[in-house]
Structure formats: structure tokens, C-alpha cells
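Here's the structure we're looking at; comments come further down.
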Amino acid sequence: MPNDVETFTFNGLELPLDKFKDYLADRVEIDTDTGCWIWKGYLTTKGYASIYTHVPTPIGTRKKRFLLHRIAYAIAYKKDPLGLCVCHHCDNRSCVNPNHLFLGTVGDNNRDAFKKGRNKPVGVYPKKGMAHPKARYNEDQIRQMRRLHKAGVTVKELQVQFGGSRGGIHAIVTYVNWKHVMDEVGGTGLEPVTIGV
Ligand SMILES: [Zn+2]
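Residue numbers (the working numbering): 2 to 198.
Structure (C-alpha cells):
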């Protein structure tokens, strides 16, 4: 489903846009000097604004944290940042004002931080799935394994077919690993429910 006024896609999830707009309005404090929208809710240990949603998996739901500045960017620019960094012009990590956000590579973000005199690398996101240099499987294979497993094929049999370790395959079919790869189902199949700080 393309982005429209009701929903937008983030990390492969359809999220209700109006809910997020209201959500932001009530929970940011606007710094009149800088124009920063300072998030009043939960901050990650690195200082980024963060929220969680309960996202469905085929075997229940799980709690998933999102970095709110990435969501704010996605809402404002109707563009999923995917593997790219959403960087702060204002250097204020808890800021979720889309006008202060720009899309960059991890390198851009580090260079930006360096220019601003910060030494520690920031915004380094772990590589997921196929982007990981040691990825053994592709996303189609992940879906296929889960499908087969649900149809009764054992982990041991999957190991024969797909290779790799039994532990690794078990982590795939139980959605511990490759969580970002969702099953292909009719419609979106993904109804975000509770949103919390
Ligand atoms: Zn800002």
C-alpha cells in the first residue's frame, strides 16, 4: 500500500498517521530558541526519542521499539529511511522536528558528528538480514522456511534443505532472528495496536 494520508509504511509496517501526529503534538516541548521539538517521553541510552508498538507476528505479538526521529522523518517526507541514517542538523538527539532531520548514510552521520566535535561514532545501526555481511539466507528463503515449518517441516529437515545451524534455523522460525522479514499475507496483515512511551 503506498503512503497516503491515513497510513504510512515504516520498517514494513503500516502505521496510522493521524495517531502519530496527535501523539507528537502532546509529547514534545518546543524550544523557541532552536525550534527543536524535544521529546518528553522515553529516551534511549544514546538519547534518542523512542516509542514502542506491539507488532503482530504470526505467532502472537511482540513489543518493538522505534526511534521516533526516524518515524517523524518518515511521516514528514513520506519516505521510509530504510537502512539509511536519519541525522540531526541541530545535533539534538531527542529532537523530532522533521525540519531538523536529514537523511544520510552512517558515514554522513559520523562525519557530521565529527564536524560538530563529537568523537564517538553515532547512529551506527546494526545491519539487518541480507545487509549483514555474513547473511546466509535471503529474505525469500526466510519466508519459505517459516512457511514450511508451519506446515510441519522440522527444523532438522529445514537444515538439510537450507544449510546452516539448527539453532539458527530455530531462531528464524520462531521469529527471534530476521524479525524484520514479515510473512506475505493478504492485505497488510499488520495492524499496529497499542502505542506507548
Ligand atoms: Zn532540533
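Backbone N, C-alpha and C define an ideal beta-carbon position, used for all residues, glycine too.
Residues that DSSP places opposite H89 in a beta bridge: L102
Backbone CA spacing between N98 and G36 [nearest angstrom]: 8 Å
Cross-strand partners of C96 (DSSP beta bridge): I39
Proximity of V87 and R66 at Cβ, strictly below 7 Å: no
Beta carbon of R137 nearer than 7 Å to that of G165: yes
Three-state class that DSSP yields for E140 in the structure shown: helix
Contact check, G42 vs R94, beta carbons under 7 Å: no
Residues bridged to V26 (per DSSP): The residue asked about is misnamed: residue 26 is Ala in this sequence, not Val. Answer by DSSP bridge pairing: none, since A26 is not bridged.
Whether W179 touches I170 by CB criterion (7 Å): No, Cβ-Cβ distance for W179 and I170 is not below 7 Å.
Option in L69, C96 and V177 with minimal Cα separation from T33: C96
C91 beta carbon near ligand 1 (any heavy atom closer than 6 Å): Within the cutoff, so yes.
Proximity below 7 Å, CB of T45 to CB of Y176: no
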